[in-house]
Structures are given as structure tokens and as C-alpha cells.
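Working notes, beginning with the structure itself.
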Amino acid sequence: MTPTFTLDAAARAALFTEARSNTRFAPREVPVDVIHEVWDMIKWGPTGNNTVPMRLVVAASPEARAAVIANAMEGNRAKLEQAPLLVIAARDDRFHDTFDVTGGGSASTYDRLEADPERRERMAHTGTLLQAGYFIIGLRAAGLSVRPYGGFDKAGMDQALLADTSWHSEVLFGIGWPTDGDHGAGDRKGRLAADAAVCTL
Ligand SMILES: Cc1cc2nc3c(=O)[nH]c(=O)nc-3n(C[C@H](O)[C@H](O)[C@H](O)COP(=O)(O)O)c2cc1C
Numbered sequence: 008m009t010p011t012f013t014l015d016a017a018a019r020a021a022l023f024t025e026a027r028s029n030t031r032f033a034p035r036e037v038p039v040d041v042i043h044e045v046w047d048m049i050k051w052g053p054t055g056n057n058t059v060p061m062r063l064v065v066a067a068s069p070e071a072r073a074a075v076i077a078n079a080m081e082g083n084r085a086k087l088e089q090a091p092l093l094v095i096a097a098r099d100d101r102f103h104d105t106f107d108v109t110g111g112g113s114a115s116t117y118d119r120l121e122a123d124p125e126r127r128e129r130m131a132h133t134g135t136l137l138q139a140g141y142f143i144i145g146l147r148a149a150g151l152s153v154r155p156y157g158g159f160d161k162a163g164m165d166q167a168l169l170a171d172t173s174w175h176s177e178v179l180f181g182i183g184w185p186t187d188g189d190h191g192a193g194d195r196k197g198r199l200a201a202d203a204a205v206c207t208l
């Protein structure tokens with residue numbers, strides 16, 4: 008049975024089947040306002056106990072951008088140079104400080120989390136990776152292209168940009184508008200078919 012998708016084929020192509028992890032983009036600026044709008048959409052994606060632990064660091068100034076690229080793995084630097092906007096998804100290990108907004112728990116939950124930084128780090132890490140996925144899809148929904156990067160010195164990035172905060176970098180994104188020319192992502196690599204990846208018990 009073919010499901011009746013709520014999104015039409017063009018939307019599904021833009022979000023998933025045709026979208027690529029571009030390294031090349033149109034020569035056009037990405038306004039920071041667009042990242043705010045994307046955040047205000049993707050923040051509604053679910054996270055465990057509604058912790059919503061991802062924070063976005065927009066490297067808009069030349070200094071911040073240079074620091075991001077300096078802390079990337081050497082093989083990623085030339086690709087990052089080509090992206091009009093660089094954004095870091097960071098986890099906030101003090102996500103429980105915003106329970107008044109996110110309704111994450113009672114005073115006793117707060118106290119338990121306060122006493123257990125390792126648990127908070129695990130929860131923040133998991134939730135942030137989940138939200139990073141929502142962010143990719145949200146950017147694509149806004150008509151942008153994005154390449155995620157895990158290849159960077161996280162401790163160095165935190166030292167350069169997030170020192171003395173509870174935020175810790177997790178995933179880096181090179182973001183821009185799609186180009187009419189080569190997307191720079193190379194040939195599309197395969198994905199498992201449903202009968203190999205989905206197990207029905
Ligand atoms: C968590 C994560 C880390 C990644 N790290 C890197 C990286 O360090 N360097 C890089 O060039 N691409 C990196 N990528 C990009 C992937 O290689 C790319 O998204 C994948 O091959 C799918 O490409 P496609 O969307 O064009 O099909 C990363 C992607 C993800 C999701």
C-alpha cells in the first residue's frame with residue numbers, strides 16, 4: 008500500500024530524495040534572520056522529556072568564521088571556506104536551567120540533574136544530535152542547502168568560541184543557497200533498501 012503523504016513529491020524531493028550535502032553554493036548571503044526563522048520552526052521537533060538542548064552558534068563575524076575554519080580538520084577547511092554561512096550546533100549541558108520554558112520537570116528533577124553532570128551531558132548530546140537532524144530538514148524546507156561536519160576539534164572550537172559557557176560544540180554546518188552549477192557533493196552514495204533496514208517482528 009502506498010501511503011498518502013501529506014507533503015507532495017516536490018516537497019519530499021527538496022527535503023530528502025534530491026537534497027544533497029552541498030559543498031558549493033550560490034554566491035549569495037544567508038541572512039542570520041533566516042536561521043532564526045528555521046529555529047522557530049524546528050524547535051517543535053520532539054526531544055526526550057522536552058529538554059530541547061540544542062543551541063545554535065552563528066559564526067557571522069569574520070573573526071568567528073576564521074576561528075571555526077581554524078578548528079576544522081584540514082581536509083574540511085577548503086569546503087567550509089565555500090559556504091556563505093557557518094553555524095555550530097552546540098549542546099547546552101545546563102538545559103535544566105530553562106525548565107521554566109520547556110516544562111522539563113519538577114524542582115526535584117532539577118536537583119537530581121544538577122547533581123549529575125554526566126547524565127546531563129548524555130541527555131544533552133542525544134537531544135542535540137536529534138535536533139541537528141531537524142535543523143538540516145528545516146534548512147532544506149527554507150530552500151537552503153547544507154553540509155554537516157563532524158570533523159573538527161571540539162575542544163579547540165569550544166575554547167575559541169564558547170569558553171566559560173555550558174555550551175559544547177557537536178556538529179558544524181556549512182550553509183548556503185543552492186547553486187545552478189555543481190553542488191560539489193560528488194556522486195550520490197547508496198542507502199539501504201527498506202527490506203534491508205526495516206525489520207518487522
Ligand atoms: C554527523 C555528520 C558528520 C559529517 N562530517 C563530515 C566531515 O567531517 N566532512 C565532510 O566533508 N562531510 C561530512 N559529513 C557529510 C556526509 O558525508 C554527507 O552528508 C553524506 O555523505 C551524505 O551525502 P548526500 O547528502 O550528498 O547524499 C557529515 C555528515 C554528518 C551527518
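If you read the sequence shown in the working numbering, its first letter stands for residue 8, the second for the next number, and so on. Glycine residues also receive a C-beta, built at the ideal position from the N, C-alpha and C atoms.
Does DSSP classify VAL65 as helix, strand or coil?
strand
Please return the same chain residues whose Cβ sits closer than 8 Å to the Cβ of ALA74, not counting the five positions on each side in sequence.
ALA66, MET164, ALA167, LEU168
Can you tell which of ALA77, SER152, LEU93, GLU125 has its C-alpha closest to the C-alpha of VAL178?
LEU93
Using the three-state DSSP reduction, which class does VAL75 fall into: helix, strand or coil?
helix
What residue ranges within the segment 98-163 form continuous alpha helix (DSSP H) runs of no fewer than 4 residues, ordered along the chain?
106-109, 114-121, 124-148
Would you call the segment 33-52 and the segment 173-190 touching, i.e. three or more CB-CB distances under 8 Å?
yes
For HIS43, which of helix, strand or coil comes out of DSSP?
helix
Once the 5 residues before and after LEU63 are set aside, which same chain residues still bring their CB inside 8 Å of it?
ILE42, TRP46, VAL94, ILE95, ALA96, ALA97, PHE142
Consider the C-beta atom of VAL45 and the heavy atoms of ligand 1; say whether any pair is separated by less than 7 Å.
no
Does the Cβ of ASN78 lie closer than 7 Å to at least one heavy atom of ligand 1?
no
Distance between ILE144 and PHE23 (C-alpha atoms, nearest Å):
8 Å
What first and last residue would you give for the alpha helix (DSSP H) that runs through GLY183?
Element bounds for GLY183: not the alpha helix (DSSP H) but the beta strand (DSSP E), 174-183.
When you compare the segment 187-205 with the segment 24-33, are there three or more beta-carbon pairs, one atom per stretch, that lie closer than 8 Å?
yes
Where does ASP15 land, buried or exposed, given buried means 16+ other C-beta within 10 angstroms?
exposed
Is ARG195 near ligand 1, with its Cβ less than 7 Å from a heavy atom?
yes
Can you find a CB in chain B that lies within less than 8 Å of the CB of LYS196?
Of the protein chains in the structure, only one exists, and it is not chain B.
Close Cβ partners of TYR117 (< 7 Å) along its chain, the five nearest in sequence each way excluded
HIS103, PHE106
Can you tell me whether GLY197 is buried or exposed? The criterion is at least 16 other CB atoms within 10 Å of its CB, across all chains shown.
exposed
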